[in-house]
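Taking it in order: structure first as structure tokens, then the write-up.
Okay, structure coming up:
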């Protein structure tokens, strides 16, 4: 016996799937917050081998380290807002992740992306380092790709630094495409190479 | 999907798919068949054959089309792809066996915590329906199968009279223990200009091949370059440029770009679960190489191993596999031999090495190899219509 259409309508809506696939991106807000709350795993700080990375910040391990590592390891990444919702100090925790979670490779990249997009003004020095240090080329390339998401002041700072380094060609392309005159103007002035 | 859209789709599907046991959808749609059976010419084992038929159909008053699929002795599976104009959406209402019984109905899966296929949810203008999906679905008995699809607009209002191109592929396969899969790997513009990236991609493909080979899946890849934007901005919308790329019939397509421009939170995406085997704006898996290279931007052996597993994982989605458990541990695939775990520790210990596990388990020394597949997972891939 098939239930009346109206009843099935109500049932279907009331029981709609918790996880809806939209091109297989998964939304994890409440779970992430829960995981943050119940599964912290205190560990001794582990620094990446790359000294250039560990120079960036004081990399104290956050209380949410284990859950943060898990969330950053997702093949289909957790959006930054959801990541940060469970962090007591998002900037410090994400900075720790950039330097302390070498695997999988996308973990540090995603943490860096969240810093750039959400906290660019606070971590401008980090961004500048990423686009100039050859050992951090991946972070640098990603950061330049995020230029439209940076405030004008930070975008100018980052672009000016990148134009003097190994990513100059890429910096030129992204500056040319940027809509802000202050960023484009950097292409008109000669840039001295970094010693 | 927005709640309002869910309501509208539920209402639509209830209106046109409420009768699970009767023959409410048997009114024939106006149909023009434009193509007949062909052999793909793809490498095959035994007497494997893929038959393809394309028909132009018009949706009825409720926005539905009824597709009849002729299945012969020895056929192993079929795939029906419905395509409407770019502003429309196609969803699956139900599938009926030759005896008239409903074997898959939207209402059985709409609110289930288990996932069988994306077709029930009408996400895209191009939707592929694969049957059978699982061993549990039973063999494909000879006769006339019926697949009912619905066409809607962006607000999920039925599109009466909408023109829908329907492509039916039927696979004959006498050995579902071995399968050859043809994959076209497409470099977005400029990506193959960096020898280090090309070497990294090729190393990753070798890892992918290794993972699959252990389960009787033989990967045959070809490489091509393109002028596609390396930021892959078309990921969610599809692109005419993708549809225009020449592709061997039945081949899957993996597009390698630098990043996924309009979705910064992803490293690889499958355009469907399952995806279609036909040429279309939505025929692709995309992969972003840069995030796999990590902070130093170099694809070292550990990175390429993970990237190869990502390739196998995403193409696994395209061939019909879901994560065995979703990242919140409250939703699962519909397979009977993947554990239904409910927490991080249990899931990681039981499924952490599964190819389709949703995240990598790593410490500072490396990551758990994500390379295992269950019998049912392998069967889904072997049954995918272009696995020959």
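Protein chains in written order, with the numbering used here: chain A, 1134 to 1328; chain B, 1298 to 1685. We put the beta carbon where it would ideally sit given N, CA and C, even for glycine. As the structure is a prediction and not an experimental result, all values here were calculated from the model.
Neighbour flag for residue i against chain A, beta carbons, 7 Å
{"i": "residue 1589 (chain B)", "result": "yes"}
{"i": "residue 1388 (chain B)", "result": "no"}
{"i": "residue 1638 (chain B)", "result": "no"}
{"i": "residue 1564 (chain B)", "result": "yes"}
{"i": "residue 1484 (chain B)", "result": "no"}
{"i": "residue 1380 (chain B)", "result": "no"}
{"i": "residue 1656 (chain B)", "result": "yes"}
{"i": "residue 1470 (chain B)", "result": "no"}
{"i": "residue 1603 (chain B)", "result": "yes"}
{"i": "residue 1594 (chain B)", "result": "yes"}
{"i": "residue 1600 (chain B)", "result": "yes"}
Own chain, CB closer than 6 Å to residue i, minus 5 neighbours either side, in chain order
{"i": "residue 1362 (chain B)", "result": "1326, 1354, 1356, 1446 and 1461"}
{"i": "residue 1482 (chain B)", "result": "1518, 1520 and 1551"}
{"i": "residue 1265 (chain A)", "result": "1294 and 1298"}
{"i": "residue 1509 (chain B)", "result": "1516"}
{"i": "residue 1596 (chain B)", "result": "1497 and 1590"}
{"i": "residue 1304 (chain B)", "result": "Confidence is the limiting factor: at residue 1304 (chain B) the pLDDT is only 40, short of 50, which leaves the residue's position unreliable and the question unanswerable from this model."}
{"i": "residue 1555 (chain B)", "result": "1527 and 1587"}
Whether residue i touches residue j by CB criterion (7 Å)
{"i": "residue 1517 (chain B)", "j": "residue 1583 (chain B)", "result": "no"}
{"i": "residue 1659 (chain B)", "j": "residue 1237 (chain A)", "result": "yes"}
{"i": "residue 1608 (chain B)", "j": "residue 1505 (chain B)", "result": "yes"}
{"i": "residue 1486 (chain B)", "j": "residue 1527 (chain B)", "result": "yes"}
{"i": "residue 1536 (chain B)", "j": "residue 1578 (chain B)", "result": "yes"}
{"i": "residue 1385 (chain B)", "j": "residue 1456 (chain B)", "result": "yes"}
{"i": "residue 1668 (chain B)", "j": "residue 1652 (chain B)", "result": "yes"}
{"i": "residue 1276 (chain A)", "j": "residue 1249 (chain A)", "result": "yes"}
{"i": "residue 1443 (chain B)", "j": "residue 1350 (chain B)", "result": "no"}
{"i": "residue 1685 (chain B)", "j": "residue 1345 (chain B)", "result": "yes"}
{"i": "residue 1206 (chain A)", "j": "residue 1656 (chain B)", "result": "yes"}
{"i": "residue 1649 (chain B)", "j": "residue 1672 (chain B)", "result": "no"}
{"i": "residue 1553 (chain B)", "j": "residue 1586 (chain B)", "result": "yes"}
{"i": "residue 1448 (chain B)", "j": "residue 1360 (chain B)", "result": "yes"}
{"i": "residue 1588 (chain B)", "j": "residue 1239 (chain A)", "result": "yes"}
{"i": "residue 1594 (chain B)", "j": "residue 1271 (chain A)", "result": "yes"}
{"i": "residue 1592 (chain B)", "j": "residue 1241 (chain A)", "result": "yes"}
{"i": "residue 1575 (chain B)", "j": "residue 1424 (chain B)", "result": "no"}
{"i": "residue 1291 (chain A)", "j": "residue 1261 (chain A)", "result": "yes"}
{"i": "residue 1514 (chain B)", "j": "residue 1480 (chain B)", "result": "no"}
{"i": "residue 1463 (chain B)", "j": "residue 1352 (chain B)", "result": "yes"}
{"i": "residue 1635 (chain B)", "j": "residue 1621 (chain B)", "result": "yes"}
Beta carbon proximity, residue i to chain B, threshold 7 Å
{"i": "residue 1252 (chain A)", "result": "no"}
{"i": "residue 1229 (chain A)", "result": "no"}
{"i": "residue 1208 (chain A)", "result": "yes"}
{"i": "residue 1260 (chain A)", "result": "no"}
{"i": "residue 1216 (chain A)", "result": "no"}
{"i": "residue 1268 (chain A)", "result": "yes"}
{"i": "residue 1219 (chain A)", "result": "no"}
{"i": "residue 1159 (chain A)", "result": "Model confidence at residue 1159 (chain A) stands at a pLDDT of 32, short of 50, so the residue's coordinates are unreliable; what they give is reported in the following sentence. It does; some Cβ of chain B falls within 7 Å."}
{"i": "residue 1237 (chain A)", "result": "yes"}
{"i": "residue 1301 (chain A)", "result": "no"}
{"i": "residue 1298 (chain A)", "result": "no"}
{"i": "residue 1241 (chain A)", "result": "yes"}
Which residues DSSP lists as bridging residue i, in chain order
{"i": "residue 1669 (chain B)", "result": "B:1651"}
{"i": "residue 1209 (chain A)", "result": "B:1563"}
{"i": "residue 1520 (chain B)", "result": "B:1482"}
{"i": "residue 1367 (chain B)", "result": "B:1441"}
{"i": "residue 1551 (chain B)", "result": "B:1482 and B:1582"}
{"i": "residue 1402 (chain B)", "result": "B:1391"}
{"i": "residue 1682 (chain B)", "result": "BP columns for residue 1682 (chain B) are empty, so no partner."}
{"i": "residue 1515 (chain B)", "result": "B:1477"}
{"i": "residue 1378 (chain B)", "result": "B:1425 and B:1464"}
{"i": "residue 1446 (chain B)", "result": "B:1362 and B:1389"}
Beta-carbon proximity list for residue i, same chain, < 7 Å, skipping 5 on both sides
{"i": "residue 1374 (chain B)", "result": "1427, 1428, 1429, 1437, 1468, 1680 and 1682"}
{"i": "residue 1523 (chain B)", "result": "1483, 1484, 1485, 1486 and 1542"}
{"i": "residue 1180 (chain A)", "result": "Below a pLDDT of 50, predicted positions are generally treated as unreliable, and residue 1180 (chain A), at 35, falls in that range; no measurement from the model is reported."}
{"i": "residue 1417 (chain B)", "result": "1388, 1389, 1403, 1406 and 1407"}
{"i": "residue 1315 (chain A)", "result": "1285 and 1289"}
Cβ-based neighbour list, residue i, same chain, cut-off 8 Å, excluding 5 preceding and 5 following
{"i": "residue 1570 (chain B)", "result": "1412, 1414, 1415, 1614, 1615, 1617, 1618 and 1619"}
{"i": "residue 1410 (chain B)", "result": "1627, 1628 and 1629"}
beta-carbon residue i near the ligand MG non-hydrogen atom, thresh 6 Å
{"i": "residue 1537 (chain B)", "result": "Among the components modelled here there is no ligand, and therefore nothing to report on the ligand MG."}
Proximal residues, the stretch 1273-1295 of chain A versus chain B, C-beta separation under 7 Å: 1274, 1275 and 1278
Original post:
Taking Cβ-Cβ distances below 9 Å as the criterion, which residues of the stretch 1641-1665 of chain B are in contact with chain A?
Top reply: 1641, 1642, 1645, 1654, 1655, 1656, 1657, 1658, 1659, 1660, 1661, 1662, 1663 and 1664
- Item | Proximal residues, the stretch 1399-1424 of chain B versus chain A, C-beta separation under 8 Å | 1404, 1407, 1408, 1409, 1410, 1412, 1415, 1418 and 1420
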